[in-house]
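Notes for the one structure printed next.
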Amino acid sequence: MGAAVGPTRVAELPGREGERVQVAGWLTHRRGHGAIAFLVVRDGSGEVQAVVRRDHAPEAFARAEGLGQESALRVVGPVRAQPRAPGGYEVEVEELEVLSPAADYPIAPKEHGIEFLLDHRHLWLRHRRPAAVMRIRDTVLWAAEAFLRGEGFVRVDAPILMGTAAENTTQLFRTDYFGEPAYLTQSGQLYAEAAAMALGRVYTLGPTFRAERSKTRRHLLEFWMLEPEMAFCDLEGSMALQERLVTYVVERVLERCGEALRTLERDTAPLERVRPPFPRLRYDDAAEWLRAQGLALGPEEDFGAPHETALSQAFDRPLFVHAFPRAVKPFYMEPEPGRPDRVLAADLLAPEGYGEIIGGSQRIADADLLRRRLQEAGLDEAAYDWYLDLRRYGGVVHSGFGLGIERTVAWIAGLDHVREAVPFPRTYNRLRP
RNA sequence: UCCUCGAUAGCUCAAUGGUAGAGCACUCGGCUGUUAACCGAGCGGUUGCAGGUUCGAGUCCUGCUCGAGGAGCCA
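If you want the numbering used here, it's the 1-based position in the first sequence plus 2.
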């Protein structure tokens, strides 16, 4: 066949000592030292130091001089173990080809402010920290899907363009559908419920949108959500699955992303404690505990950010809060048997102060009750006609939840803001790059 | 939308109401094992915008713009 001989990936250099290899990548850093120059080359799989000596490779040495940061280049030469080199290996350059020179790269090897970095996100992604976060995000998504498929779930994606609001709780981004108003989805849940009645266990995975002028570390205008939905499953069953899903995801990240976690200087001890069962608190008990801590909280009032933070700092593992007052939750949640003022809803709070990463509930199975709730919420029943059909034609006990991808990544990676957990964050006042 | 803070060189930041500076980046020179190398020199400014007070404003006042942190909302 005569397969083309391509460059060797940096990650594959260990074990190739003595071999003459070709490495292609970008110049992340250059250190001149008289007749010897050190080039740090990044190819996406890793970074390696390349050494160029004037007397050993005069042509390569001349080309390396004046080469700007982020120039694309290819070096050829033997690999050897070198304890003085970062990573333990280096390439002794014999040939150097400049594929594409770069000049005046804006991100210098020094500290930068967040505004500058976000303005240059398209370039910032090349750097070690954001690249490590993207690897962790990839592993979180991969592991979550692998787990669900192993449990017999089918991925069924929900539409992003909507004619009506799903929950009617938050502001929606409005767009135009041939003269009709249309909205960007804020949740795939209602569609997941329809699919669960067809396929039993399903999940949706995709972007969701909230047109809120939020400016906090846990909010994005556009974020990714994983929403499993299960027929013949009550809240207990859903919470048990959530424990296993979150544990599986954390285990896979610990197993596969060691280098990335070290780059981010993430203390992995709290992650190693993530194992079922997670502690559980009823809303009423959590509220009582919060008031005992001196935090203000009215009767039947939903938790705010300070409450969530306090709760999630008090436990060293993810914490379920459940049995919320009906008034603070959306219309579609099943009331608790014997406590009609409480609903079968559970939020999962990540520890270390990160707060809510999952919101879930058992859904109302009865058509009449659902219709009443729609009326109470002031929603247009006609718009939910298809949703009511799910109860008219064989409504069954079913539950589901939404897991926020960026919040989960931020927690696992130890980030201080969800905007770093997505390649190109969409926040209030920031639509580019 | 509200509260707080901020905006000075490409970047990170200094500068009693009195001549706008440093480090990094960049350019040039030196150095044969660097690790954000180091040493020397150079380049680099309508101090976010518009007004006002003052002999004099980066600094004080007013308005605006943009950003950051937080609240609300939620994944």
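Backbone N, C-alpha and C define an ideal beta-carbon position, used for all residues, glycine too. None of the values given here were measured: they were computed from a predicted structure.
Taking only the alpha-carbon atoms, compute the straight-line gap between residue i and residue j and give it to the nearest angstrom.
i      : j      : result
GLU99  : TRP126 : 25 Å
ALA197 : LEU376 : 21 Å
LEU186 : PHE225 : 12 Å
GLY27  : LEU266 : 23 Å
ILE480 : VAL42  : Examination of residue 480 is not possible in this model, given that the chain is present from 3 through 435 alone.
PHE234 : GLN244 : 16 Å
ARG328 : TYR285 : 11 Å
ALA5   : GLN24  : Interpretation of ALA5 is limited by its pLDDT of 46, a score under 50 that renders its predicted location unreliable; the figure taken from the coordinates is listed afterwards. ALA5 and GLN24: Cα-Cα distance of roughly 16 Å.
ALA104 : GLU238 : 57 Å
GLY361 : GLY165 : 24 Å
ALA133 : THR410 : 17 Å
ARG65  : GLY79  : 15 Å
ARG254 : PHE63  : 43 Å
ARG421 : PRO60  : 46 Å
PHE426 : PRO339 : 44 Å
GLN188 : PHE211 : 5 Å
MET3   : GLY48  : Summary for MET3: the model assigns pLDDT 40, below 50, so the residue's position carries little reliability; its value from the coordinates is reported in the next sentence. Spanning the two alpha carbons is a distance of roughly 29 Å.
ARG319 : LEU256 : 16 Å
ARG128 : GLU97  : 25 Å
GLU147 : GLN173 : 29 Å
GLU117 : ARG137 : 23 Å
LEU292 : LEU299 : 8 Å
ALA423 : ARG434 : 16 Å
LEU417 : ASP45  : 25 Å
ASP2   : SER363 : Residue 2 is absent from the structure shown; the chain starts at 3 and stops at 435.
GLY17  : GLY8   : 18 Å
GLU261 : PRO308 : 33 Å
ARG365 : GLY397 : 10 Å
ARG22  : PRO88  : 20 Å
SER314 : ALA288 : 11 Å
GLY34  : LEU143 : 41 Å
HIS122 : VAL77  : 28 Å
ALA412 : ASP236 : 29 Å
ARG220 : ARG428 : 12 Å
PRO342 : PHE326 : 11 Å
MET199 : SER240 : 16 Å
PRO279 : LEU321 : 10 Å
How close, in whole Å, do the beta carbons of residue i and residue j come, if the pair is a contact with beta carbons under 8 Å?
i      : j      : result
VAL95  : VAL54  : 4 Å
ALA213 : PHE180 : Wrong, their Cβ atoms sit about 21 Å apart, outside the cutoff.
ALA316 : LEU297 : With a Cβ gap of about 11 Å, ALA316 and LEU297 do not count as contacting.
VAL330 : GLU358 : With 8 Å as the limit, VAL330 and GLU358 do not qualify as a contact, their Cβ atoms being about 13 Å apart.
LEU223 : TYR430 : 7 Å
LEU392 : GLU231 : At roughly 11 Å, the Cβ-Cβ gap does not stay under 8 Å, so LEU392 and GLU231 are not in contact.
LEU351 : GLU290 : With 8 Å as the limit, LEU351 and GLU290 do not qualify as a contact, their Cβ atoms being about 17 Å apart.
PRO227 : ILE407 : Strictly speaking, residue 227 in this sequence is Met, with Pro absent from that position. Yes, MET227 and ILE407 are in contact; Cβ-Cβ is about 7 Å, under 8 Å.
GLU229 : GLY202 : Actually they are not in contact, since the Cβ atoms of GLU229 and GLY202 sit about 15 Å apart, beyond 8 Å.
CYS259 : THR141 : 5 Å
GLU14  : ALA83  : Not really, about 14 Å apart at Cβ, beyond 8 Å.
LEU247 : PHE149 : 5 Å
LEU101 : LEU69  : About 11 Å separates the two Cβ atoms, so there is no contact after all.
Can you check which of these residues, the options, is closest to residue i by C-alpha distance?
i      : options                           : result
VAL81  : ARG220, TYR91 and MET199          : TYR91
LEU371 : ARG32, ARG394 and VAL78           : ARG394
GLU72  : ALA87, ARG32 and ALA352           : ARG32
LEU250 : LEU201, HIS324, GLU153 and ARG128 : One detail in the question is off: residue 250 reads as Tyr in this sequence, not Leu. Nearest C-alpha to TYR250: GLU153.
PRO183 : ALA200, GLN191, LEU192 and LEU163 : LEU163
LEU29  : HIS221, ASP106, SER314 and GLN364 : ASP106
THR206 : ARG432, ALA384, TYR193 and GLY48  : TYR193
ASP368 : ALA146, ALA348 and VAL399         : VAL399
ARG86  : ALA52, GLU67 and ASP178           : ALA52
HIS324 : LEU299, ASP121, LEU15 and VAL345  : VAL345
HIS58  : LEU69, ILE38 and VAL77            : ILE38
ARG282 : PRO16, ALA347, VAL252 and GLU21   : ALA347
GLY306 : ARG56, LEU15 and THR218           : THR218
ASP382 : TRP144, ASP343, ARG131 and PHE333 : PHE333
GLU336 : GLY36, PRO279 and ARG373          : ARG373
VAL93  : PHE326, ARG151, THR10 and ARG139  : THR10
How about residue i: is its Cβ closer than 6 Å to a heavy atom in the ligand NAD?
i      : result
GLU245 : No copy of the ligand NAD occurs in the structure displayed, which carries no ligand at all.
Contained beta strand (DSSP E) runs [length at least 3] in the segment 313–395, N- to C-terminal order: 321–327, 341–352 and 357–365
Between the segment 257–275 and the segment 152–168, do at least 3 Cβ pairs fall closer than 8 Å? no
Inspect the CB distances between the segment 394–411 and the segment 109–123 and report whether three or more fall short of 8 Å. no
Which ranges would you report for the alpha helix (DSSP H) in the segment 95–147 if only whole runs of at least 4 residues count? 116–121 and 123–126
At a cut of 8 Å, does the segment 342–362 reach the segment 379–392 through at least three beta carbon pairs? no
Jot down the residue ranges of each uninterrupted beta strand (DSSP E) in the segment 5–57, minimum 3 residues, whole runs only, in chain order. 22–35, 38–44 and 49–55
Quick check for students: name the residue ranges of the alpha helix (DSSP H) that lie wholly in the segment 242–312, counting only runs of 4 or more. 260–265, 271–274 and 285–294
Can you list, in chain order, the stretches of the beta strand (DSSP E) that have 3 or more residues and sit fully within the segment 394–421? 400–406
Contiguous beta strand (DSSP E) assignments of at least 3 residues, all confined to the segment 206–234: 224–233
In chain order, which continuous runs of the alpha helix (DSSP H) of length 4 or greater are located wholly inside the segment 150–201? 191–201
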